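Visitor: Sequential numbering from -2 applies to the sequence shown in our numbering.
Ideal Cβ placement from N, Cα and C applies to all residues, glycine included.
Being a predicted model, the structure only gives us computed values, none of them experimental.
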Amino acid sequence: MLPGISSEHPNSQETSDDLLSNDNLDADEHEKESKIAVQTECLSVFFNERPAIEDINLRIRKNRVTAIIGPSGCGKSTFLRSLNLMHEMTPKSKVIGSIKIHGKDISESNAVDVRKNVGMVFQKPNPFPSMSIFDNVIAGLKLNGNKKNSDLDDIVEKNLKHAGLWEEVKDRLKTPAMSLSGGQQQRLCIARTIAVNPEIILMDEPTSALDPISTAKIEELIYNFKSEYSIIIVTHNMQQAARVSDFTAFLYLGKLIEFSKTRRMFTNPKERLTEEYVTGKFG
-2 MLPGISSEHP NSQETSDDLL SNDNLDADEH EKESKIAVQT ECLSVFFNER
48 PAIEDINLRI RKNRVTAIIG PSGCGKSTFL RSLNLMHEMT PKSKVIGSIK
98 IHGKDISESN AVDVRKNVGM VFQKPNPFPS MSIFDNVIAG LKLNGNKKNS
148 DLDDIVEKNL KHAGLWEEVK DRLKTPAMSL SGGQQQRLCI ARTIAVNPEI
198 ILMDEPTSAL DPISTAKIEE LIYNFKSEYS IIIVTHNMQQ AARVSDFTAF
248 LYLGKLIEFS KTRRMFTNPK ERLTEEYVTG KFG
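#1: Just how far apart, CA to CA, sit Thr212 and Ile219?
#2: By Cβ distance below 7 Å, which residues in the same chain neighbour Glu272 in space, the five residues on each side in sequence not counted?
#3: Mapping DSSP to helix, strand and coil, what is Cys71?
#4: Specify the secondary structure class of Asn265 as computed by DSSP and reduced to three states.
#5: Nearest-angstrom Cα distance between Ile135 and Leu270?
#6: With a threshold of 16 other CB atoms inside 10 Å of the CB of Asn21, please say whether the residue is buried or exposed.
#7: What's the call for Glu281, buried or exposed, on a 16-neighbour Cβ count within 10 Å?
#8: Can you tell me whether Val134 is helix, strand or coil according to DSSP?
#9: Spatial neighbours of Gly280 within its chain, please: CB distance less than 6 Å, with the 5 preceding and 5 following residues excluded, ordered by chain position.
#10: How many angstroms separate the CA atom of Glu28 from the CA atom of Lys59?
#11: Quick one: what does DSSP say Ala160 is sitting in, helix, strand or coil?
#12: Out of Ser127, Glu46, Asn221, which one is the CA nearest neighbour of Pro88?
#13: If contacts are defined as beta-carbon pairs under 8 Å, then Val193 and Lys73 qualify, I think. What distance do you get, rounded to the angstrom?
#14: What do you get for Ser303, buried or exposed, if any count of 16 or more other CB atoms within 10 angstroms of its CB means buried?
#15: For the beta strand (DSSP E) containing Lys97, list its first residue and its last residue.
#16: Tell me, please, whether the stretch 90 to 104 touches the stretch 163 to 171 by the rule of three or more beta-carbon pairs shorter than 8 Å.
#17: Just mark Glu255 as buried or exposed, buried being the case when its beta carbon has 16 or more other beta carbons within 10 Å.
#18: Spatial neighbours of Asn81 within its chain, please: C-beta separation below 7 Å, excluding the five flanking residues on both sides.
#19: For Lys278, which residues of its own chain have a beta-carbon under 7 Å away from its beta-carbon, when the five flanking residues on both sides are left out?
#20: Considering Cα atoms alone, identify which of Thr172, Ser178, Ala188 is closest to Ile298.
#21: Can you give, in chain order, each stretch of the beta strand (DSSP E) that sits fully within the stretch 176 to 247 and has at least 3 residues?
#22: Pull up the distance between the alpha-carbon of Arg56 and that of Arg184, whole angstroms please.
#23: Assuming Lys252 is part of the beta strand (DSSP E), what are its boundary residues?
#24: Indicate whether Gly251 and Leu207 have their beta-carbon atoms separated by less than 8 Å.
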């Protein structure tokens, strides 16, 4: 059991979240589908014919934070990247199964359209080094060509405020993005991601390169964002998963071992392998 996680049994009354877990297949299908952001069915990803993940079946809830945990090399990042077709950037990759975003199979859309709706924040802050703070925020919008110049000032201010960065940079918007600290750069990348109005945000270990203060700021953003976005975060830090997520999926050797509410997974996991991992017996 992780520190700060109560061992008390959850309320015995089923909630709508409970009905959406992978163990409850008899709930009203219409209600379930309307509350699902991402659904994978028999999802496998191969690189050079070798499986990175195999037969992943998950239903990820709208407007919730879902953490993906597991030891290094278990397929967490591969799973995350498959959700916005980033695996296509790797030669000799192949996907079997389906990925549905809000009920639509993404194989029927091109990658550009998918990535407009499914934003990505990477492990290492990656602002465009040749661009100013201002231009970084609007980079995605300009790429899509869907905003007038008269709108841009308001868009930059709105999204920097949303990312908790406005007060720190409002007097130097035209300075290079690389002049910011690592934590500020990551929040800038978050502002850039949300500026294109995605419905889903993928985060691949977004705080692993940051100091504790910067990490706390990002975690606060994640908590606040879930009223507007569905968030999927890969993390090696189980305390972080416990702090920020509503649901947790545990992957091991490319396979989904367990998926449940975070509190339940860390206090009363169903699988022995899950218990051994969350209690630190291996990692």
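Guide: Quick answer:
#1: C-alpha separation (whole angstroms): 11 Å.
#2: Excluding residues within five positions, the ones whose Cβ falls inside 7 Å are Pro266.
#3: Looking at Cys71 - three-state DSSP - the assignment turns out to be coil, as it is neither helix nor strand.
#4: Correct three-state label for Asn265: coil.
#5: Annotation: Ile135 to Leu270 spans about 44 Å, alpha carbon to alpha carbon.
#6: Low confidence applies here, because Asn21 scores a pLDDT of 46, under 50, leaving its location unreliable and the question unanswered by this model.
#7: Here the chain covers residues -2 to 280 and nothing more, so residue 281 does not appear.
#8: In the three-state reduction of the DSSP assignment, Val134 falls in the helix class, which pools H, G and I.
#9: So the qualifying residues of the chain are Pro68.
#10: With a pLDDT of 48 at Glu28, under the threshold of 50, the modelled position of that residue is not reliable, and the figure given next carries that caveat. Approximately 12 Å, taken between the alpha carbons.
#11: Coil at Ala160, not helix or strand.
#12: Among Ser127, Glu46, Asn221, the Cα nearest to that of Pro88 is on Glu46.
#13: So it is not a contact: roughly 24 Å between Cβ atoms.
#14: Since the first residue of the chain shown is -2 and the last is 280, residue 303 is not available in this structure.
#15: Lys97: member of the beta strand (DSSP E) spanning 90 to 98, first to last residue.
#16: The stretch 90 to 104 vs the stretch 163 to 171: no contact.
#17: Classification for Glu255: buried.
#18: Excluding sequence positions up to five before and after Asn81, its CB lies within less than 7 Å of the CB of Val111, Arg112, Val115, Met117, Leu199, all in the same chain and listed in chain order.
#19: Exclusion of the five residues before and after Lys278 leaves no residue of its chain whose Cβ lies closer than 7 Å to its Cβ.
#20: Because the chain here runs from -2 to 280, residue 298 falls outside it and cannot be looked at.
#21: Within the stretch 176 to 247, the complete beta strand (DSSP E) runs of at least 3 residues are 197 to 201, 227 to 231.
#22: Whole-angstrom Cα-Cα distance: 28 Å.
#23: DSSP places Lys252 inside the beta strand (DSSP E), whose first and last residues are 252 to 258.
#24: Contact check for Gly251 against Leu207 fails: the beta carbons are separated by 8 Å or more.
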